[in-house]
Structures are given as structure tokens and as C-alpha cells.
Amino acid sequence: SHILANGIEWPKPIVSTASSSKVISDLISRVLDGAPTASLFQISINAHLAVNGKDVFELSNGSAPGSILISASTGVAAAWAFNYYLKYIADSSVYWSGKNIRISNGTLFPIIKPIRIVANDLYRWYGNPCTFSYSAVFWNFSR
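Per the numbering used here, residue 6 is the first one in the sequence shown, and the count goes up by one each step.
As C-alpha cells, then:
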């Protein structure tokens, strides 16, 4: 466990690493529309990767031919790693109104050199205050 400067213990994820891995695998499958390529992502959640309570992820080539290993301190960090892979390795993007995924033919872009990213901050937030008043108000249930 990590103790912050003011003596408060850093909060830990409340879900198991196996559960987090499954959730991230499901996320990858949804983003890739159930393509067989989704199974080429290997997920490893290891809380000990965290640096002073900050999320960390590592991207490298996996143990199976053509696979990618996502190692992360939390499930959130693993999702961040997948997004990083899509954006910076596969030149792809996912956005509210669609996606442009450049992974096809059952192959993934390999990792040339292992990548390790440590979050700059202890906390990160989803969206911003304007999202819910300017954008989300027009969303339907499925969105």
C-alpha cells in the first residue's frame, strides 16, 4: 500500500486482477467489433507496476506470434494502454461518433521497442464538466 504525504492511504482497486483482465479483453473485443485480432492482445494486471500510486502500463510483443502484451497496474491503465496502442502504434482512433481502426487481416502492428508509461498524476477524470451539459444531453440510451 502507498501512504500519501498527508498520511492517507492511497486507494486500491476493489476488483480482482482476473476480473480486470476479462473486462479489458471484452473492451478490446467490442472496439475491434469481435474480430479474431482481439484475441491477440494478452492482458496482465499487476498492481506492483504502480509508481508511487500512479498508474503504469507497458506495451511489448506477446509470447504468441503476432500478439501484443499489455501489462498494467490497474484495469484503467490497461484500457489506457490499449488506447495508446491504437493511437500511436496502429494510427487508429475511437471517438464518440465512430472509429477508424487500421487493424486488419488478422495481424497487429508489432511493438518495435517496449514502451513504459507512468501517469503524471494520481487521479484522472473522465470527461469534463461541459460534456454532460453540452454534449450528453443529446445522447440516446445506446450511446
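Cβ coordinates follow ideal geometry from the N, Cα and C atoms, glycine included.
Span of the alpha helix (DSSP H) holding residue i?
i   : result
Y93 : Note, Y93: premise wrong, no alpha helix (DSSP H); not H, not E.
I33 : 22 to 36
Rounding to the nearest angstrom, what Cα-Cα distance links residue i and residue j in this structure?
i    : j    : result
G58  : N88  : 21 Å
N4   : L91  : Here the chain covers residues 6 to 148 and nothing more, so residue 4 does not appear.
K118 : N145 : 42 Å
S72  : D60  : 23 Å
A69  : A43  : 13 Å
L64  : L45  : 13 Å
L113 : L37  : 12 Å
Y128 : S98  : 24 Å
Excluding the 5 residues flanking residue i on each side, which residues of the same chain have their C-beta closer than 8 Å to its C-beta?
i   : result
H53 : S78
Would you please verify whether the beta carbon of residue i is less than 7 Å from any beta carbon of chain C?
i   : result
A77 : Note that chain C does not occur in the displayed structure, where there is just one protein chain.
Near residue i, which residues of its chain fall below 6 Å by C-beta distance, leaving aside the five closest residues on each side in sequence?
i   : result
T22 : I50
S25 : I50, G80
What are the residues that DSSP puts in a beta bridge with residue i?
i    : result
I75  : I48, L64
K104 : V99
K59  : V56
V123 : V61
For the ligand ADP, I want to know if residue i counts as a neighbour, meaning its beta carbon is within less than 6 Å of at least one of the ligand's heavy atoms.
i   : result
W85 : In the structure on display, the ligand ADP does not appear, and there are no ligands present to speak of.
Kindly list the residues whose CB is nearer than 7 Å to the CB of residue i, restricted to its own chain and excluding five residues on each side of it in sequence; keep chain order.
i   : result
I33 : A43, F46, F87
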